[in-house]
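Participant:
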Amino acid sequence: MIPTRKRIFILLFLIATLGLLLRILFYPREQLLLKEEPHYQRAPGAPLPVLVTVFYEALCPDSKYFITKQLLPTYKAAAHIMEVQLVPYGKAHTTTDAEGKFIFDCQHGPTECQANMYHACAAEVIDDVLTRLEVVTCMIRDNRNPKDAMQKCTKQYNVENVDLIQKCFDSTHGAELMKLNGDATQALRPPVTFIPTITIDGSQGSQASILKDLLTEVCKFAGSSAQAERICKNR
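Residue numbers 49 to 283, in the working numbering, belong to the letters of the sequence shown in order.
Shown next, in the form of structure tokens:
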């Protein structure tokens, strides 16, 4: 005969197992679909702003096209409902030498590694988002000499703390920023296969649609605030 304590244990185990099975069988299908849904899901009136993260390379023609033709114009039109995070790295690789120094191997060669780092340093140093995007857009139009591009573009947009950008590049901090950008890029799921890759509030969604019409895709996330409705009324 089974002891009373053991019978109680078996009964509790069976109840817990039954509860788990019932939860699996009757768990709301909508919630399961939401987890698997690759497209955007944002409740009406959701908090603003929408976060657009751009994973790109400074010498990549597709990155250049997206930043100049989509990102900057979209931000100018929708600055009140969006934030932008720049992650220059792309399909680069990071290794460490015997002294622990980070070494970067970029898809378009050493010049791109330099340009990526200038972009990363500029993105950190320039506080004003519009100025930051204007400088990065200016630099990516012609990054054949990254240092000259940085100096020309920061002068064009009246950036005062240019010395901090150069100090960032010359110090280990620039390399640390690039390592962080590489980690963020490698962590993307699904993994990066095309540069640029854009996420909106962390979702890759439909990359073809994002690259073609960023504002419309941002509006899908923007909720129903008065500002969002004004900006997105024709989208």
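Even for Gly, the Cβ is constructed at its ideal location relative to N, Cα and C.
In this text the structure is predicted, and so the values were computed from the model without any measurement.
Could you pull the start and end residues of the alpha helix (DSSP H) that V184 belongs to?
Facilitator: V177 to R189
Participant: Which whole-angstrom value is the C-beta distance of F152 and M226, which I expect to be below 8 angstroms?
Facilitator: 6 angstroms
Participant: L99 and Q155 look like a contact to me (Cβ under 8 angstroms); what is the Cβ gap, rounded to whole Å?
Facilitator: No, L99 and Q155 are not in contact; Cβ-Cβ is about 25 angstroms, not under 8 angstroms.
Participant: Return yes when the Cβ of Q255 is within less than 8 angstroms of the Cβ of F242, no when it is not.
Facilitator: Yes, Cβ-Cβ distance for F242 and Q255 is below 8 angstroms.
Participant: When the Cα atoms are used, what is the spatial distance from P194 to T220?
Facilitator: 18 angstroms
Participant: Any idea what DSSP makes of L236, helix, strand or coil?
Facilitator: coil
Participant: Mark K149 as exposed unless 16 or more other C-beta atoms lie within 10 angstroms of its C-beta, in which case mark it buried.
Facilitator: Residue burial is scored here from C-beta neighbours: K149 has fewer than 16 other C-beta atoms within 10 angstroms and is therefore classed as exposed.
Participant: With H, G and I counted as helix, E and B as strand and the rest as coil, what does DSSP make of I129?
Facilitator: helix
Participant: By the three-class DSSP mapping on this structure, what secondary structure does T142 have?
Facilitator: Note: T142 maps to strand in three-state DSSP.
Participant: Count the other CB atoms, across all protein chains shown, that sit within 10 Å of the CB of A274; report buried if there are 16 or more and exposed otherwise.
Facilitator: exposed
Participant: For E208, which of P239, I174, D231 and M187 has the nearest alpha-carbon?
Facilitator: I174
Participant: Quick one: what's T101 bridged to in DSSP?
Facilitator: Q133 and T247
Participant: First and last residue of the alpha helix (DSSP H) that includes I258?
Facilitator: For I258, the enclosing alpha helix (DSSP H) begins and ends at Q255 to K260.
Participant: Taking only the alpha-carbon atoms, compute the straight-line gap between T179 and L259 and give it to the nearest angstrom.
Facilitator: 22 angstroms
Participant: Using CA coordinates, which residue listed in I129, F103 and A106 is at the minimum distance from L263?
Facilitator: I129
Participant: Counting C-beta neighbours from all protein chains within 10 Å, is the total for Q118 16 or more, i.e. buried, or is it exposed?
Facilitator: Answer is buried; the Cβ neighbour count reaches 16.
Participant: Can you check DSSP and say which residues form a bridge with F114?
Facilitator: Answer by DSSP bridge pairing: none, since F114 is not bridged.
Participant: Should N282 go down as buried or exposed, given a rule of 16 or more other Cβ atoms within 10 Å for buried?
Facilitator: exposed
Participant: How should A146 be labelled, buried or exposed, when 16 other C-beta atoms within 10 angstroms of its C-beta is the threshold for buried?
Facilitator: exposed
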